[in-house]
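Remarks on the structure that follows.
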Amino acid sequence: MAYELVIFDCDGLLVDSEPLANRILSECFQAAGFPITYDICVAEMIGLPLPHCFELAEEWHGRAVPEGFFDIVQSRTYQAIRNELQPVPGTRQAIEAIALPRCVASSSERDKITLSLTQTGLLPLFGEKYYSAQQVARGKPFPDLFLFAAEQMGFAPSECIVIKDSFHGARAATAAGMAVLGYAGSGFAQQLADEGAMVFDDMAALPGMLGFES
-6 MAYELVIFDC
4 DGLLVDSEPL
14 ANRILSECFQ
24 AAGFPITYDI
34 CVAEMIGLPL
44 PHCFELAEEW
54 HGRAVPEGFF
64 DIVQSRTYQA
74 IRNELQPVPG
84 TRQAIEAIAL
94 PRCVASSSER
104 DKITLSLTQT
114 GLLPLFGEKY
124 YSAQQVARGK
134 PFPDLFLFAA
144 EQMGFAPSEC
154 IVIKDSFHGA
164 RAATAAGMAV
174 LGYAGSGFAQ
184 QLADEGAMVF
194 DDMAALPGML
204 GFES
């Protein structure tokens, strides 16, 4: 069917932030005495809000993260975004070729979304139309964020298609009653397919999947 609204994820889809963020998160965990490696962060935490990542660590190891841990992780992550972050190759061209209303819905904090889109030059493609898990009661894998984004944009869930790179996000979008396209750049092709996403691995293919020429 033809869709009326495209909802984009941010981290790992628009901006190549996942290696950066998971490197810093694992380093901060290990400095705080939690034996959580980069590979564990990638396998278990991609697509989840940061507080949920902390809850997983606390559950696994039976103790709380240190006081101020959120601020430590965020400070280091923000600095790395300023110094290192790049857009996912082909993102701008793909978005510009899709002649549909669009927005961003991300597990990241709104300030972080702003910084990431600004740093990579993608903010003008969305204006103020981006939404954070901070704005809803429950983050991914619950559907709240995508339902909120659709409501704010004025569309029914059945009119929306979500572009995701994580299986947690694909699960949330499916639970929201939305179609899902899964970008396999983060290496989760099978997991995305298992969540019902139609998978692609090159941003240049995205416009064609939505009926537009790139």
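Residues -6 to 207, numbered by this note's numbering, are exactly what the sequence shown covers, in order. We put the beta carbon where it would ideally sit given N, CA and C, even for glycine. Since this is a predicted model, take the numbers as computed values, not measurements.
Beta-carbon contacts of residue 130 that lie in its chain and below 8 angstroms, excluding the five residues immediately before and after: Only residues of its own chain outside the window of five on either side were considered, and among them 137 have a CB closer than 8 angstroms to the CB of residue 130, listed in chain order.
Endpoints, alpha helix (DSSP H) assigned at residue 38: 31 to 38
State the Cα-Cα distance for the pair residue 78 and residue 142, rounded to the nearest angstrom. The C-alpha of residue 142 is placed about 25 angstroms away from the C-alpha of residue 78.
Output the boundary residues of the alpha helix (DSSP H) element that contains residue 162. 160 to 168
Out of curiosity, what's the CA-to-CA distance linking residue 99 and residue 151? Rounded to whole angstroms, residue 99 to residue 151 spans 20 angstroms at the Cα level.
What are the start and end residues of the alpha helix (DSSP H) that includes residue 201? 199 to 202
DSSP has residue 157 in a bridge; who is on the other side? 175.
Does the contact criterion of 3 or more C-beta pairs under 8 angstroms hold for the segment 155 to 174 versus the segment 48 to 56? no
Less than 9 angstroms separating the beta-carbons of residue 192 and residue 169? no
Tell me the residue span of the beta strand (DSSP E) that contains residue 99. For residue 99, the enclosing beta strand (DSSP E) has its first and last residue at 95 to 99.
Quick check on residue 11: buried or exposed, where buried means 16 or more other Cβ atoms within 10 Å of its Cβ? buried
Short Cβ contact (9 angstroms threshold) for residue 181 with residue 175: Yes. Within cutoff.
Between residue 198 and residue 48, what straight-line distance do the alpha-carbon atoms span, to the nearest angstrom? 37 angstroms
If you draw a straight line from the C-alpha of residue 154 to the C-alpha of residue 144, how long is it? 14 angstroms
Starting from residue -4, trace the alpha helix (DSSP H) both ways and give me its first and last residue. Looking at the DSSP string, residue -4 is not in any alpha helix (DSSP H), and its letter there is neither H nor E.
Would you mind reading off the limits of the alpha helix (DSSP H) that contains residue 66? 62 to 77
By how many angstroms is the C-alpha of residue 120 removed from the C-alpha of residue 37? 32 angstroms
Alpha-carbon spacing of residue 90 relative to residue 83, whole angstroms: 11 angstroms
Quick one: is residue 93 buried, meaning 16 or more other Cβ sit within 10 Å of its Cβ, or exposed? exposed
Would you please state the rounded distance, in angstroms, between the beta carbons of residue -2 and residue 146? I believe it to be under 8 angstroms. 6 angstroms
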